[in-house]
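Asker: Right, I'll just put the structure down here and ask away after.
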Amino acid sequence: MNSIDLHCDTASRLLYEKLKLRESICKVDIKKLKEGKALAQVFAHFIELDLVKNPYEEFIKMYNNFTKELSENKDSIVLVRNLKELEEVNSLEKIGAFLSIEEGEVLEGKVERVQELYDMGIRFITLTWNFKNSIGYPNAGYKYKDKGLTERGKEIVLEMERVGIIPDCSHLSDGGFYDLINICTKPFIATHSNARAITDHSRNLTDDMIVKLANKGGVMGLNFCGPFLGREKVPTINSMVAHLKHIKNVGGVDVLALGTDFDGIENEVEIKNIGEIGKLRDALLKEGFTNTEIDKIYYGNVKRVLKEWL
3 MNSIDLHCDT ASRLLYEKLK LRESICKVDI KKLKEGKALA QVFAHFIELD LVKNPYEEFI
63 KMYNNFTKEL SENKDSIVLV RNLKELEEVN SLEKIGAFLS IEEGEVLEGK VERVQELYDM
123 GIRFITLTWN FKNSIGYPNA GYKYKDKGLT ERGKEIVLEM ERVGIIPDCS HLSDGGFYDL
183 INICTKPFIA THSNARAITD HSRNLTDDMI VKLANKGGVM GLNFCGPFLG REKVPTINSM
243 VAHLKHIKNV GGVDVLALGT DFDGIENEVE IKNIGEIGKL RDALLKEGFT NTEIDKIYYG
303 NVKRVLKEWL
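For our numbering, count along the sequence shown from 1 and bump the result up by 2.
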């Protein structure tokens, strides 16, 4: 049941709750990743703008704490920066840890900082969270739905393409998404977003977006957040399958991936943690998905994007 999960917020919990990466109350830790036979986990450095004095300094604090955890557990998990490094780590039966940032204001509008973050090992940046920033606008509540990237935001995205950091459109306004379609020459991704046609939520993608993202060669990671999946208090695997089936029918299986949002979402899930990720595979098989298609969803499509980028 090998998998690559495009988004978890575990790094922030480790810092603020003084937890350990090896084993904790988190939905993602090394023990659970091993139980789920994970190939890789993308760990987001989530910065909430209204709670911090300086987003860059807060990121550095979280990054230092998380990389310390990685160094203490290098027998099991290793920082990886490209597909080649991931495959080398997996051949040693270790898990790859990719690093991302969830809040583009960590850049503080400085184009030159993109290279610095790349050198630190960051390979994905979620351009906005729920606040407008120097890059663009969020889609929270559709308040800025049609507003696009700022001129500085477009410069930053182009610099990300140049150095090798993949833009993430989850949380971004609809207008910002279409700007990415127009200016990106490589595939970009939605690390943790579902289908708006199934659940009408501003954080999900419309069918038109799904088609355009698929045509771009990008992927979208299935988010386990309750309000994005439906109205269930504890989201079921059936609700996840409904989104995956719709997205496959609209954009094809090559646009599908996993982006649990574990340790960021507040709701419990039928899949209780990353160690139980195989339950979704079993359900998809029963729904007529082939093993080849499921492998694409679980890791193959992400590897394809990584191969093009990194």
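We put the beta carbon where it would ideally sit given N, CA and C, even for glycine.
(1) Any chance the segment 106 to 115 sits against the segment 143 to 151, with 3 or more Cβ pairs inside 8 Å?
(2) Measuring only the C-alpha atoms, how far is Glu-153 from Ser-241?
(3) So is Gly-290 buried or exposed if we call it buried at 16+ other beta carbons inside 10 Å?
(4) Any heavy atom of the ligand SAH closer than 8 Å to the Cβ of Lys-281?
(5) Between the alpha carbons of Val-165 and Lys-288, how many angstroms are there, rounded?
(6) Taking buried to mean at least 16 other C-beta atoms within 10 Å of its own C-beta, is Ile-137 buried or exposed?
(7) Spell out whether any CB of chain C is found under 9 Å from the CB atom of Phe-291.
(8) Compare the C-alpha of Glu-37 against each of Ala-285, Lys-274, Gly-302 and Glu-295 and name the closest.
(9) Note down the Cα distance separating Ser-73 from Ala-197, rounded to an integer number of angstroms.
(10) Please report how far the alpha carbon of Ile-97 lies from the alpha carbon of Asp-181, in whole angstroms.
(11) Would you mind working out which of Ile-279, Thr-292 and Val-82 sits nearest Lys-39, comparing C-alpha positions?
(12) In the DSSP assignment, find the alpha helix (DSSP H) that holds Arg-164 and state where it starts and stops.
(13) Can Ser-253 and Ala-244 be called in contact, C-beta distance under 9 Å?
(14) Using only the alpha-carbon positions, how far apart do Asp-265 and Pro-57 sit?
(15) Measure the beta-carbon distance from Ser-175 to Lys-214 and round it to whole angstroms, keeping in mind my assumption that it falls under 8 Å.
(16) Given this structure, state the Cα-to-Cα distance separating Leu-53 from Lys-281, to the nearest angstrom.
(17) Is it true that the CB of Glu-310 sits closer than 9 Å to the CB of Gly-219?
(18) Hey, would you say Ile-6 sits closer than 9 Å to Leu-260, going by beta carbons?
(19) DSSP on Asp-148, reduced to helix/strand/coil?
(20) How would you call Val-236, buried or exposed, if buried means at least 16 neighbouring beta carbons within 10 angstroms?
(21) Comparing alpha-carbon positions, which option in Val-307, Leu-81 and Thr-292 lies nearest Glu-163?
(22) Within 10 angstroms of its Cβ, does Lys-76 collect 16 or more other Cβ (buried), or is it exposed?
(23) Return yes when the Cβ of Leu-16 is within less than 9 Å of the Cβ of Phe-68, no when it is not.
(24) Check whether the Cβ atoms of Ile-103 and Thr-128 lie closer than 9 Å to each other.
(25) In the DSSP assignment, what residue or residues form a beta bridge with Cys-10?
(26) Hey, would you say Leu-224 sits closer than 9 Å to His-194, going by beta carbons?
(27) Would Lys-22 and Asp-31 be called neighbours here (beta carbons separated by less than 9 Å)?
(28) Span of the beta strand (DSSP E) holding Asp-31?
(29) From Tyr-300 to Asn-4, what does the alpha carbon distance come to, in whole angstroms?
(30) Which one or two residues does DSSP pair with Gly-223 in a beta bridge?
(31) Restricting to Cα atoms, I'd like to know which of Lys-29, Leu-109 and Leu-94 is closest to Glu-60.
(32) Tell me the start and end of each unbroken beta strand (DSSP E) in the segment 70 to 129 that is at least 3 residues and wholly inside, in chain order.
(33) Quick check on this structure: which residue in Asp-121, Ile-249 and Glu-272 has the alpha carbon closest to the alpha carbon of Ile-167?
Answerer: So, to answer that:
(1) Between the segment 106 to 115 and the segment 143 to 151 there are fewer than three inter-stretch CB-CB distances shorter than 8 Å, so the stretches are not counted as touching.
(2) Locating residue 153 in the sequence shown gives position 151, counting from the first residue. Locating residue 241 in the sequence shown gives position 239, counting from the first residue. If you draw a straight line from the Cα of Glu-153 to the Cα of Ser-241, it is about 38 Å long.
(3) Here residue 290 is taken as the residue at index 288 of the sequence shown, counted from 1. With fewer than 16 Cβ atoms within 10 Å of its Cβ, Gly-290 is classed as exposed.
(4) In the structure shown, the ligand SAH is absent, as is every other ligand, since no ligand is present at all.
(5) Stepping through the sequence shown from its first residue, residue 165 is reached at position 163. Stepping through the sequence shown from its first residue, residue 288 is reached at position 286. In a straight line, the C-alpha of Val-165 is about 42 Å away from that of Lys-288.
(6) Working through the sequence shown from its first residue, we reach residue 137 at position 135. It is buried - the Cβ of Ile-137 has at least 16 other Cβ atoms within 10 Å.
(7) The displayed structure is made up of one protein chain only, and chain C is not part of it.
(8) Along the sequence shown, read from residue 1 onward, the residue named residue 37 stands at position 35. The option with the nearest alpha carbon to Glu-37 is Lys-274.
(9) Taking the first residue of the sequence shown as 1, we reach residue 73 at position 71. Taking the first residue of the sequence shown as 1, we reach residue 197 at position 195. If you take the alpha carbons of Ser-73 and Ala-197, they lie about 38 Å apart.
(10) Counting from one through the sequence shown, the residue named residue 97 turns up at place 95. Counting from one through the sequence shown, the residue named residue 181 turns up at place 179. Here the C-alpha atom of Ile-97 lies approximately 34 Å from the C-alpha atom of Asp-181.
(11) Translated into the one-based positions of the sequence shown, residue 39 becomes position 37. Comparing Cα positions, the closest option is Ile-279.
(12) The residue you call residue 164 lines up with position 162 of the sequence shown. Run containing Arg-164: 153 to 165, per the alpha helix (DSSP H) assignment.
(13) One-based indexing of the sequence shown puts residue 253 at position 251. One-based indexing of the sequence shown puts residue 244 at position 242. First, the amino acid is wrong: residue 253 is Gly here, not Ser. Against a cut-off of 9 Å, the Cβ pair of Ala-244 and Gly-253 comes out as no contact.
(14) Translated into positions along the sequence shown, residue 265 becomes position 263. Translated into positions along the sequence shown, residue 57 becomes position 55. Computed Cα separation, rounded: 20 Å.
(15) Here residue 175 corresponds to residue number 173 of the sequence shown, with the count starting at 1. Here residue 214 corresponds to residue number 212 of the sequence shown, with the count starting at 1. In fact, because the Cβ distance is near 15 Å, the residues do not count as touching under 8 Å.
(16) Along the sequence shown, one-based indexing puts residue 53 at 51. Along the sequence shown, one-based indexing puts residue 281 at 279. If you take the alpha carbons of Leu-53 and Lys-281, they lie about 36 Å apart.
(17) For the purposes of this step, residue 219 is identified with residue 217 of the sequence shown, where counting begins at 1. For the purposes of this step, residue 310 is identified with residue 308 of the sequence shown, where counting begins at 1. Their beta carbons are under 9 Å apart, which means Gly-219 touches Glu-310 by this criterion.
(18) As a working mapping, residue 6 is identified with position 4 in the sequence shown. As a working mapping, residue 260 is identified with position 258 in the sequence shown. Their beta carbons are under 9 Å apart, which means Ile-6 touches Leu-260 by this criterion.
(19) As a working mapping, residue 148 is identified with position 146 in the sequence shown. Reduced to three states, the DSSP call for Asp-148 is coil.
(20) For the purposes of this step, residue 236 is taken as residue 234 along the sequence shown, with counting starting at 1. Val-236 should be labelled exposed.
(21) Taking the first residue of the sequence shown as position 1, residue 163 is located at position 161. When Val-307, Leu-81 and Thr-292 are compared, the shortest CA-CA separation from Glu-163 is found for Val-307.
(22) Taking the sequence shown and counting its residues from 1, the one referred to as residue 76 is at position 74. Result: exposed.
(23) Along the sequence shown, one-based indexing puts residue 68 at 66. Along the sequence shown, one-based indexing puts residue 16 at 14. Their beta carbons are under 9 Å apart, which means Phe-68 touches Leu-16 by this criterion.
(24) Residue mapping note: residue 103 aligns to position 101 of the sequence shown, counting from 1. Residue mapping note: residue 128 aligns to position 126 of the sequence shown, counting from 1. Cβ distance < 9 Å, so Ile-103 and Thr-128 count as in contact.
(25) As a working mapping, residue 10 is identified with position 8 in the sequence shown. Its beta-bridge partners are Phe-45 and Phe-264.
(26) For the purposes of this step, residue 224 is taken as the residue at position 222 of the sequence shown. For the purposes of this step, residue 194 is taken as the residue at position 192 of the sequence shown. Contact flag set, yes.
(27) Numbered from its first residue, the sequence shown carries residue 22 at position 20. Numbered from its first residue, the sequence shown carries residue 31 at position 29. In this structure, Asp-31 lies closer than 9 Å to Lys-22 by Cβ.
(28) Along the sequence shown, read from residue 1 onward, the residue named residue 31 stands at position 29. Run containing Asp-31: none; DSSP gives neither H nor E here.
(29) Along the sequence shown, read from residue 1 onward, the residue named residue 300 stands at position 298. Along the sequence shown, read from residue 1 onward, the residue named residue 4 stands at position 2. Roughly 7 Å between the two C-alpha positions.
(30) By 1-based counting over the sequence shown, the position of residue 223 is 221. According to DSSP, which records beta bridges pairwise, Gly-223 is partnered with Ala-259.
(31) Numbered from its first residue, the sequence shown carries residue 60 at position 58. Measuring from the Cα of Glu-60, the nearest candidate turns out to be Leu-109.
(32) 79 to 81, 97 to 104 and 124 to 128
(33) On the sequence shown, position 165 is the one that residue 167 refers to. Closest by alpha carbon: Asp-121.
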